[in-house]
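Report on the structure given below.
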Amino acid sequence: MGMCYKKCGLLTDGAFPHRVAAATCCKTVGLGCLNSGNDATSQRFNVGGGAGDHDPSTPAEAHFPLQSLTEDLDSAGETKALASEPSSATLHARNLRAA
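Mind the numbering: the sequence shown is residues 1030 to 1128 in the numbering used here, read in order.
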């Protein structure tokens, strides 16, 4: 999807932990999500991970990955992963597994 969303597992108390669309979460993965009985769709799922955390630096709406949250520039102006943070590729992979 290329966007950052709050995890479906958090939004559905674990009942539909896999994201399949901006506003749809699924109980299972793969073709099982084509069965509408395995899906839950709600506009309230189309939110960023910062929704409700009262931190203005974390977006409450779905958004493209933010470099300030995932990457840093070294002294030569090259993008590098922050030492204390996982790389954007790692974050993306985690979100895919968690979605």
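Where is the CB? At the ideal position from N, CA and C, for every residue including glycine. Quick caveat, the model's predicted, so the values are computed rather than measured.
- Cβ neighbour criterion (16 or more within 10 Å) applied to V1049: buried
- Task: Going by CA-CA distance only, name the one from T1057, N1075, V1076, G1077 that's closest to D1068.
- Result: T1057
- What number of angstroms, rounded off, separates the C-alpha of G1038 from the C-alpha of A1080? 14 Å
- Message: So, at 7 Å on beta carbons, what are the nonlocal neighbours of A1091 in its own chain, with the 5 sequence-adjacent residues on each side left out?
- Response: M1032, C1033, Y1034, A1051, N1075, V1076, G1077
- Query: If you draw a straight line from the C-alpha of F1093 to the C-alpha of K1036, how long is it?
  - Reply: 15 Å
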